[in-house]
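Everything below concerns the one structure shown next.
Residue numbers (the numbering used here): 1041 to 1645.
Below you can see the structure in the form of structure tokens.
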């Protein structure tokens, strides 16, 4: 199967089209739910305003009704939003989808605004009210959600202020994220050797190819393409951070909070855990730097170039490729080695056309897994260019998809898991594929897996920490005013030099704009969860050999707990480890070190 016949996802099982009767019906139901919640809010106003302190049946039943209405509306709104995002991902210039997205965002903002009085009240409500509220089948699964939210009750604003903030986010915070998506989908990268210009997604695919000259050309082309937009991109980053910092300042009415508090809450980890992990990684920085040095040596260089970071093994040869059908088959085999149901799941994804892999001119760059809430079915998006890295990315996203698949029967309140734990299943899947291919391949294949292990170490223990370093420095600097594009590039350069050291020929100074994650409006610090997931997944993977046949059930049990426990609780329960101490993380880094040593040994032969 060539790139011209790659699979396209089929989302007509959800809606026939944007604006079709089924689409409009769901949108109408969400809007109706908003009106019904507003009516209940008016009934409960005496409690929400603090005038009535009585925990009466009227209060509890009203709160439970809001829970039911918001859950039903949330499912439909998520479904609509996912559908539109899928449409825009394959064509960032899709005018009907762009128009519909604006409408969905407005409806989402209305729902979010309408929910604020209920959320503010329950976050600070007396324990007896919360207990009575949770004493029903509708709400009992929400116990963990409210336990976590109530940790932040001293940061809540008045209901009217929370409502105003939610309304402002649509045309403030999220509008900047939308602008980034539109820019990334419109950039054309010049590739003289091919005699044409291509979109960023396709150009990024060449960075994963075996042709170094083309990688270098694509990398420089991408830098040049983004350079044209450095002013709007710096505005995007400055305004995203500025909005958040102002929100944090406003919320610091009882105690001062910093810019990491909400990302940590979203990730369901404590600051002690993040600090312990980063301390462990920094203390063993020579391990991933050895990986970079070995990668450079295998390329015949003294230092790696930035266009080599995503490159496949140099022993793969220019003719080596993994067509989609072959890639899926290998992933199927790797998943089946753990549990036949995992392999069956891969086949289900393909059979049902739940994977989008085509190369398209206006396609957004990157890869992701998403899902439709109504049907509880996942979708995978990427631009598949037949390299080993693309196959590994497919395994990564199918790992995400499997995570949601094994949770599809759980209550809605248990389906939302944090980024830290979300990356565990995906990286586990990558590791599974690499080991499967390595154990069944020839010398060049084994070398390729060793290269991939080194590349992963460099990505998760150098590149991701450099992203975290940059974002921390940026938020500190942003407190004192906006930063120019040049200043953002300087901060990027400094972060890269700290983590890459002397092992890279030059830094990617424009990484602050070429990397999507910094401009996602819904979340900040979308970086450290990757390092967390990488090291955690290695710890889980090490248990596979120890547990034998019992591993599959244990693995699924871990995944199913990710939406109802903090990361500390999940790991304590299933692995018996305290991740607030560096020892756990150092143990996983020791596993990485062994992989790098194997790569170095292969290089010496």
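All C-beta atoms in this analysis are idealised placements derived from N, C-alpha and C, irrespective of residue type, glycine included.
Inset, instruction - Could you tell me how far apart the beta carbons of residue 1528 and residue 1277 are, in whole angstroms, since I believe they sit closer than 8 angstroms? - result: 7 angstroms
Legend entry - N-terminal and C-terminal residue of the beta strand (DSSP E) that residue 1236 is part of: 1236–1239
Inset, instruction - Taking residue 1411 as part of the beta strand (DSSP E), name the residues at either end of that continuous run. - result: 1408–1412
Inset, instruction - Spatial neighbours of residue 1106 within its chain, please: CB distance less than 7 angstroms, with the 5 preceding and 5 following residues excluded, ordered by chain position. - result: 1077, 1080 and 1158
Inset, instruction - Please report the Cβ distance between residue 1422 and residue 1462, rounded to the nearest whole angstrom; I am assuming they are in contact, meaning their Cβ atoms lie under 8 angstroms. - result: Contact doesn't hold; Cβ gap of about 17 angstroms is too wide.
Legend entry - residue 1544, DSSP secondary structure in three states: strand
Legend entry - For residue 1230, the first and last residue of its enclosing beta strand (DSSP E): 1228–1231
Inset, instruction - Just the C-alpha distance for residue 1033 and residue 1586, rounded to the nearest angstrom, thanks. - result: This structure does not reach residue 1033, given that the chain is present from 1041 up to 1645, and the question cannot be answered.
Legend entry - Local Cβ density within 10 Å of residue 1550, reported as buried at 16 or more and exposed below that: buried
Legend entry - Between the CA atoms of residue 1514 and residue 1548 - distance to the nearest angstrom: 16 angstroms
Inset, instruction - With DSSP collapsed to three states, give me the class of residue 1344. - result: strand
Legend entry - Cross-strand partners of residue 1458 (DSSP beta bridge): Bridge partners of residue 1458: none, in fact.
Legend entry - residue 1103 CB to nearest heavy atom of the ligand FAD below 6 angstroms: This structure simply doesn't include the ligand FAD, nor any ligand for that matter.
Legend entry - With 16 other Cβ atoms within 10 Å as the buried cut-off, status of residue 1322: exposed
Legend entry - Cβ shell of residue 1337 (< 7 angstroms), same chain only, five flanking positions each side left out: 1643
Inset, instruction - Note down, one range per segment and in chain order, each beta strand (DSSP E) of at least 3 residues found wholly within the segment 1372–1428. - result: 1408–1412 and 1417–1421
Inset, instruction - Just tell me which of 1370, 1248, 1221 and 1147 has its CA closest to the CA of residue 1207. - result: 1147
Inset, instruction - Quick one: grab the DSSP three-state call for residue 1436. - result: helix
Inset, instruction - Please report how far the alpha carbon of residue 1637 lies from the alpha carbon of residue 1559, in whole angstroms. - result: 36 angstroms
Legend entry - CA-to-CA distance, residue 1520 to residue 1041, given in whole angstroms: Reliability of the predicted coordinates at residue 1041 is poor, the pLDDT of 45 falling under 50, and the value obtained from them is presented with this limitation in mind. Spanning the two alpha carbons is a distance of roughly 54 angstroms.
Legend entry - Nearest neighbour of residue 1070, chosen from 1155, 1126 and 1050 [CA to CA]: 1155
Inset, instruction - Answer yes or no: do residue 1539 and residue 1502 have a C-beta to C-beta separation smaller than 7 angstroms? - result: yes
Legend entry - With 16 other Cβ atoms within 10 Å as the buried cut-off, status of residue 1150: buried
Inset, instruction - Compute the distance between the beta-carbons of residue 1153 and residue 1203, then report whether it is under 7 angstroms. - result: yes
Inset, instruction - Alpha carbon to alpha carbon, how far is residue 1369 from residue 1362? Give it in angstroms, no decimals. - result: 10 angstroms
Legend entry - Contacting residues, own chain, Cβ-Cβ under 7 angstroms from residue 1402 (five flanking each side not counted): 1131, 1132, 1133, 1225 and 1239
Inset, instruction - Taking the CB atoms as reference points, tell me whether residue 1405 and residue 1244 lie closer together than 7 angstroms. - result: yes
Legend entry - Beta-carbon spacing of residue 1279, residue 1350 below 7 angstroms: no
Legend entry - residue 1543 beta carbon less than 7 angstroms from that of residue 1332: yes
Legend entry - Collapsed DSSP secondary structure at residue 1041 in the structure displayed: For residue 1041, the predicted structure reports a pLDDT of 45, less than 50, and the residue's modelled location is therefore unreliable. The matter cannot be settled from this model.
Inset, instruction - Identify which residue in 1092, 1270, 1488 and 1375 has its Cα closest to the Cα of residue 1427. - result: 1488
Legend entry - Burial state of residue 1493 (16 or more Cβ within 10 Å): buried
Inset, instruction - Give the range of the alpha helix (DSSP H) segment to which residue 1069 is assigned. - result: 1061–1083
Legend entry - For residue 1441 and residue 1389, believed in contact at Cβ under 8 angstroms, the rounded distance: 6 angstroms
Inset, instruction - Go through its chain and collect everything with a Cβ distance to residue 1102's Cβ below 7 angstroms, but skip five positions before and after it. - result: 1080, 1083 and 1084
Inset, instruction - Look at the alpha carbon of residue 1639 and the alpha carbon of residue 1621, and state the distance between them as a whole number of angstroms. - result: 29 angstroms
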